[in-house]
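Scroll down for the structure; my scribbles are underneath it.
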Amino acid sequence: MVSGEVFDIRRYSVNDGPGIRTAVFFKGCPARCAWCHNPESQEFGREVMHWPSRCIGCGACASVCPEHAIRMEDGRPVTAWGSRAACDACAACIACVEACPTGARTLVGRNVDVEDVMAEVERDTAFYDQSSGGVTFTGGEPLAQPEFLRTLLEECRRCDVHSAVDTSGLAGAALVEAIAPLVDLWLFDVKIVDPAKHLALVGCPNQPALGNLRLLAGRGSRIWVRVPVVPGINDGRDDLRGLAQLLTSLGGRRPERVELLPYHRTGVEKYARLGREYALEGVVQAGAEHVESVACELRDLGVDVQTGG
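Take a look at the structure:
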């Protein structure tokens, strides 16, 4: 039985492709986007989140931790969540999760079989039919679990469920080429076009991603390009000019839709819960007026864009 790691399955999503959709969030991603609002999606395998607002300082977590990753200090379990090195001592055995009486420690991530995912997906086929919806595999990075993704896509075809893959494109071209016939729609994230900036802010080269975008466009796949608008990070004139050059270079095989997604800070608290620092602490949210100004500039450069998110 094929299985994979997910951290959420969300029904009735209307922001992950056309119609009403079920979003399946894969766990694990090769990218480390500085603005990521789902940091719990990045690591492979399960993790423990600590919610300080729920903690009563009873010490139950520290008393049961077999790795001694938790230490009480001034009535609070701070050591295991105060640094990345301390967090690495946690084996995610969930002893602390089970011992906590207030739910201040929660488990993120679980291994699920393809059958279990499809059972959840098929609960809402009536809504998919009425709204031209379906299922979206997102993350994390779905392409980072290729066997799991491929099997799910095959099951979607068998059940006549529309499938979308939300991806950074950070995968080998052979993999993308192999699964492309099974994908009804690609939601392709283009984060930063400049290679040096992409490496600094996303943590990996962008050449594979841009190559896969061209590959999919060349074979005529349905593509929606989605671009996060992060003020002061990827919205400068050079950034937008580079984005426009990329998209217009695809010629008559351009993506059928280009969406601008405003940067927001709703995931900032998750970093502290996972014992991590947030890299963009001083960056403000992208307001509607700012996103529209970016959209206008891109339209002037020959790219028809929509705002959303």
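Residue numbering for the sequence shown is 98 to 406, as defined by the numbering used here.
Each residue gets a CB set at the ideal place from its N, CA and C atoms; glycine is no exception.
Segment contact, 8 Å Cβ cut-off, at least three pairs: the stretch 325–343 with the stretch 290–299:
Result yes; three or more Cβ-Cβ pairs closer than 8 Å.
Near ASP335, which residues of its chain fall below 8 Å by C-beta distance, leaving aside the five closest residues on each side in sequence?
Excluding residues within five positions, the ones whose Cβ falls inside 8 Å are ASP291.
Am I right that ALA186 and GLU164 are in contact with their C-beta atoms under 8 Å? What's the rounded C-beta distance?
5 Å
Cut-off 6 Å between Cβ atoms - residues of its own chain near ARG181, not counting five sequence neighbours on either side
Only weak support exists for where ARG181 lies, its pLDDT of 41 falling under 50; the coordinates are left without a value.
Whose C-beta lies closer than 6 Å to the C-beta of ASP332 among residues of the same chain, with five residues either side of it excluded?
Hits under 6 Å: VAL326, VAL391.
As an exercise, report each continuous alpha helix (DSSP H) stretch of at least 4 residues that is fully enclosed by the stretch 198–269, in chain order.
211–218, 222–228, 243–256
Would you grab the beta carbon distance between PHE123 and GLY101 for me? Rounded to a whole angstrom, and I think it's under 8 Å.
Indeed, because the Cβ distance is near 7 Å, the residues count as touching under 8 Å.
Three or more beta-carbon pairs under 8 Å between the stretch 312–324 and the stretch 143–162, yes or no?
no
Anyone know if the C-beta pair for PRO84 and LEU267 falls short of 8 Å?
Because residue 84 is not part of the residues shown, which for the chain are 98 to 406, the question remains open.
By a C-beta neighbour count over all protein chains shown, 10 Å radius and 16 as the cutoff for buried, is ASN309 buried or exposed?
buried
Per DSSP, what kind of secondary structure is ASP286 in: helix, strand or coil?
Annotated three-state conformation of ASP286 is strand, per DSSP.
Would you check if there are 3 or more beta carbon pairs closer than 8 Å linking the stretch 252–270 to the stretch 232–239?
Flag = yes, the stretch 252–270 and the stretch 232–239 touch.
Distance between ILE167 and GLU386 (C-alpha atoms, nearest Å)
Distance between the alpha carbons of GLU386 and ILE167 is about 45 Å.
Express the C-alpha separation of MET169 and THR176 in angstroms, rounding to a whole number.
Model confidence at THR176 stands at a pLDDT of 48, short of 50, so the residue's coordinates are unreliable; what they give is reported in the following sentence. Cα to Cα, the separation comes out at about 7 Å.
According to DSSP, residues forming a beta bridge with THR119:
By DSSP's assignment, THR119 forms a beta bridge with VAL232.
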